[in-house]
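Heads up: the sequence lines are chains A and B, in that order. Each residue of the first sequence is one higher than the one before, starting from 107 at the first, in this note's numbering. Each residue of the second sequence is one higher than the one before, starting from 747 at the first, in this note's numbering. Below: one structure, written as structure tokens.
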Amino acid sequence: MKVLIPTPLLSYTGVREVDAEGATLDAVLTDLDRRYPGIRFRVIDEQGRLRRHVRFFADGGQIFDPAHPLRADDTLVLVQALSGG
Amino acid sequence: MNGSEGTIMVLVATRKGAWFFHSDTARRTWRVEGPQLLGQIVSHAVLDPRDGRTLLAAARTGHLGPTLFRSTDLGRHWSEAVQPPAFARAPQGTAGRTVDHTFWLTPAPAGEPGCWYAGTSPQGLFRSTDGGVHWTPFSCLNDDPQYIRWMGTVQDGTPDGPKLHSIIIDPRDPAHLYIGMSGGGVHESRDAGRSFAPLLNGLEVVEGFDRADPSFHDPHCIRMCPSAPDRLYQQNHCGVYRLDRPGDEWVRIGRNMPAEVGDIGFPLVVHPRDAERAWIFPMDGTDVWPRTSPGGRPAVYGTRDGGASWQRLDRGLPPQQAWWTVKRQSMCADGLDPLGLYFGTTSGELWTSADEGEHWQCIARHLPEILAVETGHPSAAAT
């Protein structure tokens, strides 16, 4: 599926739009990490929890659960929620 | 000293990126290079003393998880660690811990090229053997129920989280380690980190608490003397201490400080060639703990006799109305002769002395909040 990358993570991918595969959000992020090593840990912690200030959207809705199912024709959008000073 | 004979580099890590200052050994003029990693909260930036060209910077932004940046060309290009420090996945049904940021970086001695240690917030110890690309946890410490209890909760630590810091490797024996935890106390390992034991005798804690319980100990900064590795100095929550091994009783040398100044602070620097000499930066630890220069009159204090006496070193510093805070990683020495000293304030000023603290000059103002200051000697090939 198509994955849209926010600017703080372009250092990993180099481009705004990349491809990744997987049947769940967790699986897609794992595949993304295989292609761009290190990127997964920036958005999901070592206990498998979504990081506090990163948002995931697909099919018009926000995803809160790493086990959330995704389809091959979905577009996954990663968004950084700016916070702090 | 590894590296080019003629250059010195000061690495300033801030809440908004890193800045590098370059000079020759005379240290009269400085060239600034930066910002590097603009916008990243850089807790610590260290130049590898073994090769004079590899830089590691512990960083995070406000919204992404923590990472470690690595450069092998003195900051011209950076790449992120493939596997930054992270705790082990907790068993199903338990919460598990999450690294908020890497706080402290220590390169191993010369005999272990490419080996680094890292301390995190919340408290965790990690090691890399490939120059900082992949990091593995010390589960014996990070996942040990007793140690986790001693580490306390996030509420028990410093305002931006409890830290594991002051990772010291004995240059005579790389299996001999010391660490500090705020909170959690000072601990020692003699088996390369497979096991640790508290090293707390003689240390005071806040009145009314049990000094035998590591939970109540709050080391701020521990330093080993390179010229005499059996000597340790410590600045902690309750004062300044010294320990001479193989003894295990810390002695409060801060009692010899002027009473009106006290011996509370965060950083501590030791002389690389003279174990009798050390420097501290006292801050106000009375009342509600302002953690600013006592009376608004900043000064470094130095000892030439192992802490039996202390001299005020403030020539060049503002005489009044300077309410500075200097964090535990924000004061260091450069190894040259005469020794250069450096400190950075949370108000973004970088100060240096090229004569062992006798005279001070400000070499940078208006930087973001300074979190750490380190020196290094770039190799001629890297510059």
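We treat Cβ as the ideally placed atom computed from N, Cα and C, and that holds for glycine. Here the structure is a predicted model, which means the values were calculated and not measured.
For residue i: DSSP bridge partner residues
i, result
"PRO1028(B)", "GLY1011(B)"
"VAL1187(B)", "With chain B covering only 747 through 1129, there is no way to say anything about residue 1187(B)."
"GLU1006(B)", "GLU1006(B) pairs with nothing; no bridge assigned."
"ALA974(B)", "CYS971(B)"
"THR753(B)", "ASP770(B)"
"CYS1108(B)", "TRP1097(B)"
"ASP125(A)", "LYS108(A)"
"GLU1120(B)", "LEU757(B)"
"MET1077(B)", "PHE1089(B)"
C-beta neighbour in chain A for residue i, strict 8 Å
i, result
"THR866(B)", "no"
"LEU871(B)", "no"
"GLY839(B)", "no"
"GLY877(B)", "no"
"GLU826(B)", "yes"
"GLY808(B)", "yes"
"GLY842(B)", "yes"
"ASP833(B)", "A small fix is needed here, since residue 833(B) is Phe in this sequence, not Asp. It does: the Cβ of PHE833(B) has a partner Cβ on chain A nearer than 8 Å."
"GLY1143(B)", "Look at the range of chain B in this structure, 747 to 1129, and you will see that residue 1143(B) is not part of it."
"GLY749(B)", "In this predicted model, GLY749(B) has a pLDDT of only 40, less than 50, meaning its place in the structure is not dependable; the value taken from the coordinates is given anyway. Closer than 8 Å: no."
"GLY811(B)", "yes"
"PRO830(B)", "yes"
"VAL756(B)", "no"
"ALA943(B)", "no"
"VAL788(B)", "no"
"ALA804(B)", "no"
"VAL845(B)", "yes"
Proximal residues to residue i (C-beta, below 8 Å), its chain only, five neighbours per side dropped
i, result
"PRO1040(B)", "GLU1006, VAL1007, GLY1008, PRO1028, MET1029, ASP1030"
"ALA938(B)", "PRO920, ALA921, LEU923"
"ASP976(B)", "ASP990, ARG991, PRO992"
"ALA1068(B)", "SER1039, GLY1042, ARG1043, PRO1044"
"GLU779(B)", "TRP765, PHE766, PHE767, HIS768, GLY821"
"VAL1119(B)", "VAL756, LEU757, VAL758, ALA759, GLN1075, SER1076, MET1077, CYS1078, TYR1088, PHE1089, GLY1090, LEU1096"
"PRO1084(B)", "ALA1100, ASP1101, GLU1102"
Contact set for residue i: own chain, Cβ-Cβ below 7 Å, skip 5 residues either direction
i, result
"ASP1051(B)", "GLU1022"
"PRO1036(B)", "ASP1030"
"ASP180(A)", "MET107, ALA164, ASP165"
"ARG1111(B)", "GLY1094, GLU1095"
Below-8 Å beta-carbon distance, residue i vs any chain B residue
i, result
"ARG148(A)", "yes"
"ALA187(A)", "yes"
"VAL121(A)", "no"
"PRO61(A)", "The requested residue 61(A) does not occur in the structure, where chain A is confined to residues 107 to 191."
"ASP151(A)", "yes"
"ARG140(A)", "no"
"VAL109(A)", "no"
Backbone CA spacing between residue i and residue j [nearest angstrom]
i, j, result
"MET1003(B)", "GLY865(B)", "31 Å"
"LEU978(B)", "GLY785(B)", "36 Å"
"SER750(B)", "LEU1082(B)", "The pLDDT assigned to SER750(B) is 45, lower than 50, so where the model puts this residue is not dependable, and the model offers no usable value."
"GLY1103(B)", "THR1038(B)", "19 Å"
"THR848(B)", "GLY907(B)", "11 Å"
"SER1093(B)", "ALA764(B)", "15 Å"
"TYR893(B)", "VAL1072(B)", "29 Å"
"PHE767(B)", "ALA1127(B)", "18 Å"
"ARG895(B)", "HIS933(B)", "14 Å"
"ALA173(A)", "ARG1001(B)", "58 Å"
"PRO855(B)", "PRO917(B)", "6 Å"
"VAL149(A)", "HIS1105(B)", "47 Å"
"SER1099(B)", "CYS1108(B)", "9 Å"
"SER973(B)", "ASP1020(B)", "6 Å"
"GLU123(A)", "ILE169(A)", "19 Å"
6 Å Cβ shell around residue i - same chain, five flanking residues per side excluded
i, result
"GLY926(B)", "HIS911, SER912, VAL932, PRO965, ILE968"
"ALA791(B)", "LEU757, ALA759, ALA764, ALA803"
"PHE962(B)", "VAL951, PHE955"
The region 888-907 of chain B in contact with the region 1054-1066 of chain B per 3-pair CB rule at 8 Å: Touching, no, given that fewer than three Cβ pairs across the two stretches are closer than 8 Å.
Meets three-Cβ-pair contact criterion under 8 Å: the region 160-175 of chain A and the region 128-142 of chain A: yes
Three or more C-beta pairs below 8 Å linking the region 869-881 of chain B and the region 825-844 of chain B: yes
Three CB pairs or more closer than 8 Å across the region 109-122 of chain A and the region 790-806 of chain B: no
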